[in-house]
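Number of protein chains: 2
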Amino acid sequence: MNAEDKRIYKLKAEVLSAAGHPIRLAIIDFLGDGEQCVCDIADHVDAQRSNVSRHLGVLLNAGVVKQRKDGLKMIYSLSTPCILNFMKCVEGVLQVRAKEAAVLLEML
Amino acid sequence: MNAEDKRIYKLKAEVLSAAGHPIRLAIIDFLGDGEQCVCDIADHVDAQRSNVSRHLGVLLNAGVVKQRKDGLKMIYSLSTPCILNFMKCVEGVLQVRAKEAAVLLEML
DNA sequence: ACACTATGTTACTAATCACTCACATAGTAG
DNA sequence: CTACTATGTGAGTGATTAGTAACATAGTGT
Chain H
1 MNAEDKRIYK
11 LKAEVLSAAG
21 HPIRLAIIDF
31 LGDGEQCVCD
41 IADHVDAQRS
51 NVSRHLGVLL
61 NAGVVKQRKD
71 GLKMIYSLST
81 PCILNFMKCV
91 EGVLQVRAKE
101 AAVLLEML
Chain R
1 MNAEDKRIYK
11 LKAEVLSAAG
21 HPIRLAIIDF
31 LGDGEQCVCD
41 IADHVDAQRS
51 NVSRHLGVLL
61 NAGVVKQRKD
71 GLKMIYSLST
81 PCILNFMKCV
91 EGVLQVRAKE
101 AAVLLEML
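If you read the sequences in order, they're chains H and R. Residue 1 is where the first sequence starts when you use the numbering used here, and the numbers rise one by one after that. Residue 1 is where the second sequence starts when you use the numbering used here, and the numbers rise one by one after that.
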């Protein structure tokens, strides 16, 4: 694995770990229904505004969301809808996990 | 967003952030070609064995990989191949990012 | 100009993570 | 049994991250 590969993995890891936080995941899910302003996002994910603002900054920085100003409000939306697709795969992983847990339970 | 939702987002975040590290991403990519033992993985991703062992523990814990013992060796493989698919989407995000960076460059 | 609202930022603390080194364990081969 | 190999784990350190409170900024309406 050369230095070039490492750079690319680092970039990809940035995107994935941006998505790898409960609040940010909730934000992504919420934005799947359409663009939203910070205050509505904060209400929906049940967290403080400044905290949500931070998380949005992380997502923006990773390129997962984009922003647009509308008067006083800053409107956020998903930069590409495929982000929602890979949640399906994540659910698949969780299903495998759950199945294995069930098998272990049987063994007791 | 109720407590149940939060639990599920936390689980999903666990899977995503398990994938959100350059070395672990390289491991996932490598396992895409087929199962591998720890020592070969360590050689391939160019990191120390104990460190790789740790990262594999994280992936295992998240349910991203599974393990199988073969004599002295512990063989790891992807628990579900769809994990490779969502890399495509990550690449899409990076493309959007690159495009925006190019646009910004034009403006200078 | 003033007060008000939405957002972002600074500074700080607590928590988590990554990495390394040294050691422990399990299996293999002589 | 002994030496060796592959893997995993505890302890420690430095780096990164999450969350909060207080403040700064930008736009709106009177």
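Virtual Cβ for every residue (Gly too), placed ideally from N, Cα, C.
Measuring C-alpha to C-alpha distances from residue 26(H) to each of 8(H), 73(H), 52(H) identifies 52(H) as the nearest. In this chain, residue 64(H) is not harboured by any alpha helix (DSSP H), its DSSP state being neither H nor E. When the beta-carbon positions are compared, residue 57(H) and residue 13(R) stay at least 8 Å from each other. When rounded, the separation of the alpha-carbon atoms in residue 64(H) and residue 101(H) is 32 Å. Comparing alpha-carbon positions, the option among 32(H), 106(H), 60(H) lying closest to residue 86(H) turns out to be 32(H).
Taking residue 5(H) as reference, the option from 46(R), 35(R), 83(R), 3(R) with the minimal CA-CA separation is 46(R). Inclusion of residue 90(H) and residue 16(R) in the CB contact set at 8 Å is warranted, their separation being smaller than that value.
For a Cβ distance threshold of 9 Å, residue set 16, 17, 19, 20, 21 of chain R lies close to residue 17(H), ordered along the chain. Check the Cα spacing between residue 40(H) and each of 74(R), 96(R), 1(R): the tightest is with 1(R). Relative to the Cα of residue 66(R), the nearest Cα in the group 37(R), 49(R), 72(R) belongs to 37(R).
The contact set of residue 97(R) on chain H, defined by CB atoms closer than 7 Å, consists of 63 in chain order. Less than 8 Å separates the beta-carbon of residue 28(H) from that of residue 78(H). No Cβ-Cβ contact shorter than 8 Å links residue 11(H) with residue 84(R).
In the displayed model, residue 78(R) falls within a strand according to three-state DSSP. Annotation: residue 30(R) to residue 7(R) spans about 31 Å, alpha carbon to alpha carbon. Following the DSSP letters along the chain, one finds residue 18(H) inside the alpha helix (DSSP H) bounded by residues 3-19.
Residue range 38-45 is occupied by the alpha helix (DSSP H) that includes residue 40(R). Contact of residue 39(H) with chain R by beta-carbon distance below 9 Å is absent, the smallest such distance being about 15 Å. For a Cβ distance threshold of 9 Å, nothing in chain H lies close to residue 74(R): the least Cβ distance comes to about 17 Å. Using a CB distance cut-off of 8 Å, residue 55(H) does not count as an interface residue toward chain R.
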